[in-house]
Amino acid sequence: MMECYCIEAIRLLVLLWIVHCFEKTETGQWQNCPTFYAELFGNSNPRQIMQNFHKSQLNNTEMMLVTDTLRIRLELLDCSCYDRNIEQPELSRSLVPQSTEREIISRPILTFLKFNRHNFLYPLYYSLK
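Going left to right, the sequence shown walks through residues -27 to -1, 1 to 102 as mature numbering (1 follows the signal peptide of the UniProt record, and there is no 0) numbers them.
Next up, the structure:
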């Protein structure tokens, strides 16, 4: 039950952040905004983004919005063999593109494992001692 409250709280936080960022980019008040916001709002309006978020069907740019809202970096370790290029297998994939890497470099990293093609992600916890 607690997980449901947490997910709803994150959805509300992301919704408020989307509206805030959209208003700032539309009015030109945000001079040093992260570069992915131009792509995000160029391709979708806030309503479409929130519908995708509620359906859990986010593309990489929309996932970057969630990570920026929560002030984290997200890393996906894809262990599934589905849609993987055999010549260039990629186990680790960061959902932060190189162009914005320096904008959010100091944030904590959350790592998830993907074992199958059904998009079930499992959190990977580790501690640095």
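Even for Gly, the Cβ is constructed at its ideal location relative to N, Cα and C.
message = Tell me the DSSP secondary structure of PRO70 in three-state form.
response = Low confidence applies here, because PRO70 scores a pLDDT of 49, under 50, leaving its location unreliable; read the following figure in that light. Shown here, PRO70 sits in coil according to DSSP, grouped into three states, outside any helix or strand.
Beta-bridge partners of PHE14, as assigned by DSSP = Under DSSP, PHE14 forms no beta bridge with any residue.
inquiry  = By the three-class DSSP mapping on this structure, what secondary structure does ILE82 have?
reply    = Reduced to three states, the DSSP call for ILE82 is strand.
query = GLU35 to GLY15, Cα distance in whole Å?
reply = Approximately 12 Å, taken between the alpha carbons.
message = Whole angstroms are fine: how far does the CA of GLU(-2) sit from the CA of VAL39?
response = Those two C-alpha atoms are separated by around 20 Å.
task = Could you check if PHE9 is buried or exposed, using at least 16 other CB atoms within 10 Å of its CB as the buried criterion?
result = That one is buried.
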